[in-house]
Amino acid sequence: MSKPRKASAALAAREKARARAEEITRRNEELIELATGYFVAADRIEAIETELEEKIASLREQADRDSAAAREEAAGVVVAMLATGEAKRAVAERLGISTAEVTAAAKSAEPEQPATAEPDEGESDE
Numbered sequence: 001m002s003k004p005r006k007a008s009a010a011l012a013a014r015e016k017a018r019a020r021a022e023e024i025t026r027r028n029e030e031l032i033e034l035a036t037g038y039f040v041a042a043d044r045i046e047a048i049e050t051e052l053e054e055k056i057a058s059l060r061e062q063a064d065r066d067s068a069a070a071r072e073e074a075a076g077v078v079v080a081m082l083a084t085g086e087a088k089r090a091v092a093e094r095l096g097i098s099t100a101e102v103t104a105a106a107k108s109a110e111p112e113q114p115a116t117a118e119p120d121e122g123e124s125d126e
């Protein structure tokens, strides 16, 4: 009689092990599905952040161009005010800026000159 008991005990143990393995497999599959969702979302986050950085860079470039144009316009106004014969100090006071800013604006509005301009042939220094 002890033999049937061993066989039935082994059978019960095998069934228990099989049920446990099925539960582990089911849980593992569930975790794989959840992890897949995580990685999809993480990839989307990375794509969004990359797109954001590209847009920020583009906006910075546009802002730099717009600022440069506005600075040129402001410098042109300063030069026009100086061209009326107004003193730098008076222009600075009227605009609420320093005389150094007036001078800098006037210099930035001047056309750039080559650093080493050589006289043309045939010209004399007299």
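Residues in the sequence shown are numbered consecutively from 1, following full-length UniProt numbering.
By construction, the Cβ of each residue, glycine as well, lies at the ideal position given by its N, Cα and C atoms.
Being a predicted model, the structure only gives us computed values, none of them experimental.
- Message: Let's test the definition: count the other Cβ atoms within 10 Å of the Cβ of residue 91 and tell me whether it reaches 16, buried, or not, exposed.
- Response: Taking the first residue of the sequence shown as position 1, residue 91 is located at position 91. The residue is buried, with at least 16 neighbouring Cβ atoms inside 10 Å.
- Query: Does DSSP put residue 110 in a helix, in a strand, or in coil?
  - Reply: The count along the sequence shown starts at 1 and reaches residue 110 at position 110. Under the three-state reduction of DSSP output, residue 110 falls in the coil class, being neither helix nor strand.
- Find out if the Cβ-Cβ distance for the pair residue 78, residue 106 is shorter than 8 Å. To locate residue 78, count along the sequence shown from 1; it is residue 78. To locate residue 106, count along the sequence shown from 1; it is residue 106. Closer than 8 Å, so yes.
- Task: Output the boundary residues of the alpha helix (DSSP H) element that contains residue 93.
- Result: Taking the first residue of the sequence shown as 1, we reach residue 93 at position 93. Looking at the DSSP string, the run of the alpha helix (DSSP H) that includes residue 93 is 88 to 95.
- Please go through the region 46 to 83 and give each complete beta strand (DSSP E) segment of 3 or more residues, from N-terminal end onward. Listed in chain order, nothing qualifies, since the region 46 to 83 has no complete beta strand (DSSP E) run of 3 or more residues.
- Message: Taking CB distances under 8 Å as the criterion, tell me whether residue 91 reaches chain B.
- Response: Considering every chain present, this structure includes no chain B. It has just one protein chain.
- Mind checking whether residue 75 and residue 109 have CB atoms under 8 Å apart? In the sequence shown, residue 75 corresponds to position 75, counting from 1. In the sequence shown, residue 109 corresponds to position 109, counting from 1. In this structure, residue 75 sits near residue 109, with a CB-CB distance shorter than 8 Å.
- Task: Put residue 98 into one of helix, strand or coil per three-state DSSP.
- Result: The residue labelled residue 98 in the question sits at position 98 within the sequence shown. Here residue 98 sits in coil by DSSP.
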